[in-house]
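Residue numbers (this note's numbering): 245 to 375.
Right, here's the structure in full:
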């Protein structure tokens, strides 16, 4: 759903008189990201026990990165760069509290997440991954 909305944003941005559609689409994308985070946290334990969890989590991070970099161009500042760090903070904090995201030698999930956060939302890196 998030990917589809982002694609539509790009498509609409190329149209004449696209500002209204872009603003509406950004609002919908914001709601979709909030829903993604809420559902993810609601089902975190069962999701984390699935064999494809790592791939799924990387997909979530990729979507967050894509939306963080969404450029509205002439349509004004996006509110997504304010929302996404908050959602990531919530998700990663919960993962750490439930010991799903822990620094271990035999698991690279911590390292991959740490690297991705540096790219997506460097402002929260120190808070989530203190050196």
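C-beta atoms are modelled at their ideal positions from N, C-alpha and C, and glycine is treated no differently. These numbers were taken from a predicted model, which means no experiment stands behind them.
By the CB criterion at 8 Å, residue 344 and residue 305 fall outside the cutoff. Excluding five sequence positions before and after residue 324, the CB atoms of its chain that fall closer than 8 Å to its own CB belong to 270, 273, 274, 277, 311, 312 and 314, given in chain order. In this structure, residue 368 and residue 329 form a Cβ contact; the two beta carbons are roughly 5 Å apart against a cut-off of 8 Å. The three-state reading of DSSP puts residue 342 in coil, since its state is none of H, G, I, E or B. By the Cβ-count criterion, residue 336 is buried, with 16 or more other Cβ atoms from all chains shown falling within 10 Å of its own Cβ. Annotation: residue 358 to residue 375 spans about 11 Å, alpha carbon to alpha carbon. DSSP places residue 313 in the coil class of the three-state scheme, outside both helix and strand.
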